[in-house]
Structure formats: structure tokens, C-alpha cells
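In what follows, a single structure is set out as C-alpha cells and then discussed.
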Amino acid sequence: MAALLEALRKPSITNQPPSPSEQRRNDLLMIVVILFAIFLGWGMRNNSVKAMHEFVLGGQLPTLAYPASWLEAQTEGVLFRAIDPASPSTYDARVELFVRDAKEGETLDQISASWPLRRTQELDRFRNLAAAAVKGPGGAPALIITYAYIADPTRESGSLGLPVVVKGQDLLFIANDGIGDRLVAVTVATDATEWAAHADAFTKIFASLGVQGGE
């Protein structure tokens with residue numbers, strides 16, 4: 002900035018040099034322009050960070066919102082997945098959506114016992130850390146299960162990266178899509194060392210479903 006101001010102060014070879022008051026005015030205008038550009042860039046960045054995309058579950062099920070900078074990723078076993086490509090870890094932060102028909106008479110109390118068993122079979126070294134009852138979409142009962150496990154995200158590519166301790170939360174609730182009851186599981190997960198950095202995004206994802214819970 003000093004070099005820029007010095008260039009502006011340098012008298013023109015064809016014009017009279019500005020008076021001290023004119024020079025102060027020019028300096029002030031230049032500072033205002035620079036500050037405006039800085040705040041404009043900050044505002045654009047802030048808006049891009051806050052921007053959200055939506056995934057429509059369909060029927061009467063709620064709409065899931067996730068950060069606009071995240072990318073959709075095809076995967077088996079879940080209805081939807083979006084990952085944060087800017088994650089420093091080899092395990093990208095993510096949100097996943099799983100939906101299945103609810104069993105007749107199935108309750109959240111039953112699910113709170115059966116769901117960790119399912120996760121134990123799916124995830125390596127799964128450890129259930131906590132379970133909390135919250136309000137789900139439309140004020141309906143919901144459950145947030147917090148857990149950790151070991152992932153090896155570089156194995157499929159043949160790389161020799163280290164395994165990663167993953168921390169995740171599963172939001173579970175039963176909703177009717179207009180045809181029948183469905184068990185909906187919304188998962189947020191990231192490298193455990195990056196949990197705090199993604200906590201705001203995870204909170205917004207759950208909040209888009211009307212939930213005030215999670216870390």
C-alpha cells in the first residue's frame with residue numbers, strides 16, 4: 002500500500018502538483034476505496050460460506066440443506082452423500098442420508114438399542130459415545146447418537162496413508178412420507194481432529210431439519 006500511495010503522490014510532468022489539502026483528500030479517497038474492496042471481498046466470502054444447497058427427500062419428508070461448497074458423491078448403501086472437498090484430512094467431512102421403511106410398531110426406544118448394533122457391524126472399532134433425545138422435524142421425537150470409529154480412506158486407492166479416527170453423529174427420526182412411515186438417518190462425520198472446525202456446518206445441517214441438537 003505504501004508503494005501505491007507514493008506513486009499517487011508523485012507529481013505529474015504535465016500538471017501542477019496537488020496542494021497539501023488536495024493530497025490529503027486523494028489519500029483519504031484511496032483509503033476508502035481500498036477498505037471498501039476489502040469489506041466487499043469479506044462479504045462475498047461470508048455469503049459463500051453461509052450458502053446452502055438442498056436435497057429434497059420427497060413426499061412429506063423434510064428437505065435436507067448442506068453447505069453449497071460441498072460436492073455430491075455417489076455411494077452404495079445411502080440415498081445421498083455430500084463431502085467437503087476442502088477437508089485437510091484424507092477422510093472428507095460429510096453428510097449422508099439413509100432411509101428405510103419403518104417396521105410395524107417400531108419406536109425410537111427400540112432404535113436406540115438396535116442402531117448401535119448395526120453400526121458395530123458396519124464400522125471398524127465402533128464405539129458408542131452418547132445418545133440424546135431431541136426434537137426432530139415438526140417437533141417430532143428424534144435421537145442423536147454420537148460415536149467414533151476407525152476408517153482407512155486410502156486403502157481403496159492403494160495408498161499407504163494412516164488410518165483415521167472418525168467422529169460422527171446419526172440423527173434418527175421416524176417420519177411419514179405420505180405413503181408410510183420411514184426411518185430417516187442423517188449422518189454427519191469427519192476426522193475427529195477436525196470436528197470443531199466442522200461443528201457449525203453440522204449444526205446448520207441438523208437445523209435445516211428443524212433440529213436444535215448436536216455439538
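Mapping to my numbering: the sequence shown position 24 is 25, numbers consecutive.
For every residue, glycine included, the Cβ atom is placed at its ideal position computed from N, Cα and C.
This one's a predicted model, so the numbers in the text were calculated from it and none came from an experiment.
Nearest neighbour of residue i, chosen from the options [CA to CA]
| i | options | result |
| --- | --- | --- |
| His54 | Ile32, Gly78 and Ala83 | Ala83 |
| Arg128 | Gly140, Ala149, Trp116 and Gln122 | Ala149 |
| Ile180 | Gln122, Glu195, Ala103 and Ala152 | Ala103 |
| Asp93 | Asp125, Thr64, Thr121 and His199 | His199 |
| Thr188 | Trp116, Asp178 and Arg126 | Trp116 |
| Gln170 | Asp192, Asp178, Asp182 and Glu157 | Asp192 |
| Asp201 | Tyr67, Ser22, Leu29 and Gln24 | Tyr67 |
Pair within 8 Å by beta-carbon distance, residue i and residue j
| i | j | result |
| --- | --- | --- |
| Val100 | Leu58 | yes |
| Ile206 | Val135 | no |
| Ala190 | Val167 | yes |
| Ala152 | Pro164 | yes |
| Leu173 | Leu184 | yes |
| Leu130 | Thr147 | yes |
| Thr155 | Thr91 | yes |
| Ala69 | Ala52 | yes |
Run of the beta strand (DSSP E) containing residue i, from where it starts to where it stops
| i | result |
| --- | --- |
| Lys168 | Val165 to Asn177 |
Opening and closing residue of the alpha helix (DSSP H) in which residue i lies
| i | result |
| --- | --- |
| Arg119 | Leu109 to Glu123 |
| Thr204 | Trp196 to Ala208 |
Expected contact under 8 Å - CB spacing of residue i and residue j to nearest Å
| i | j | result |
| --- | --- | --- |
| Pro138 | Gly60 | Not quite, the Cβ-Cβ distance comes to about 13 Å (not below 8 Å), so this is no contact. |
| Phe81 | Leu98 | 4 Å |
| Ala141 | Ser113 | With 8 Å as the limit, Ala141 and Ser113 do not qualify as a contact, their Cβ atoms being about 15 Å apart. |
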